[in-house]
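Have a look at the structure below, then the notes.
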Amino acid sequence: MSLRHALLGLLVDRPASGYDLLKLFDTSLAHVWPATQSQVYGELNRLAEAGLVDVSAEGPRRRKEYRVTEEGVKELREWLVAPTQQQPRRSELLLKVFFFNLGSDEQARAVLAERAELATAYHERLAELRTELEQDEGPLTANGRIALEYGLRWAEMERDWARWAAEQLG
Numbered sequence: 649m650s651l652r653h654a655l656l657g658l659l660v661d662r663p664a665s666g667y668d669l670l671k672l673f674d675t676s677l678a679h680v681w682p683a684t685q686s687q688v689y690g691e692l693n694r695l696a697e698a699g700l701v702d703v704s705a706e707g708p709r710r711r712k713e714y715r716v717t718e719e720g721v722k723e724l725r726e727w728l729v730a731p732t733q734q735q736p737r738r739s740e741l742l743l744k745v746f747f748f749n750l751g752s753d754e755q756a757r758a759v760l761a762e763r764a765e766l767a768t769a770y771h772e773r774l775a776e777l778r779t780e781l782e783q784d785e786g787p788l789t790a791n792g793r794i795a796l797e798y799g800l801r802w803a804e805m806e807r808d809w810a811r812w813a814a815e816q817l818g
């Protein structure tokens, strides 16, 4: 997924300003594809230059409201059915695991215990979000629940793995 397609997807339902998109991003897509303010505004400019969005309204303080064009919807639909590219995974945790022999088992267990705690906390945050989503409706919410379930299962797996890995030491 790219930021380009995330923004196009958010604009399909209704026009929005960069500020509105950032708020919507933070409450939905940030768990799967985080983006900063400068990334969002930069990408909106690139989308406009490419003719995939246009400015549908301008307000005070240079506030622009963007709407997706027909070309933008076409781009989004083509992306949706294109093969998903495998993203290279980088994990500082797994890199550390490879070199646990350079420290003590106690230090390694502490690293793994911290990861288990972080995964548990992340799972709890996602579970709270799931509760909030139960009252909402719409395609973004329904699809968001599916993505949320992936996150919940990933957090459980990471927690369980960290506990298992700690038992394997020494």
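Note that my numbering has the sequence shown beginning at 649, numbered continuously upward.
Glycine included, every Cβ here is placed at the ideal spot set by N, Cα and C.
Nothing here was measured: the structure is a model prediction, and the numbers come from that model.
- The residue among Q733, V680, L651 and S650 with its C-alpha nearest the C-alpha of N791 is V680.
- Beta-bridge partners of D702 (DSSP): R715.
- Beta-bridge partners assigned by DSSP to A664: Y714.
- As the crow flies, the alpha-carbon of L659 is around 6 Å from that of V716.
- Judged by beta-carbon spacing, A764 lies within the 9 Å limit of A814, meaning their Cβ atoms are closer than that value.
- In this structure R807 is buried. Its beta-carbon is surrounded by 16 or more other beta-carbon atoms within 10 angstroms.
- Shortest Cα-Cα distance from I794 to any of A654, S676 and L655 involves S676.
- DSSP places D674 in the helix class (H, G or I) of the three-state scheme.
- Under the DSSP assignment, E765 falls in the alpha helix (DSSP H) whose first and last residues are D753 to L781.
- With distances taken between CA atoms, E691 lies nearest to L655 out of L655, Y667 and K722.
- A residue is called buried when at least 16 other Cβ atoms come within 10 angstroms of its Cβ; E723 meets this threshold and is buried.
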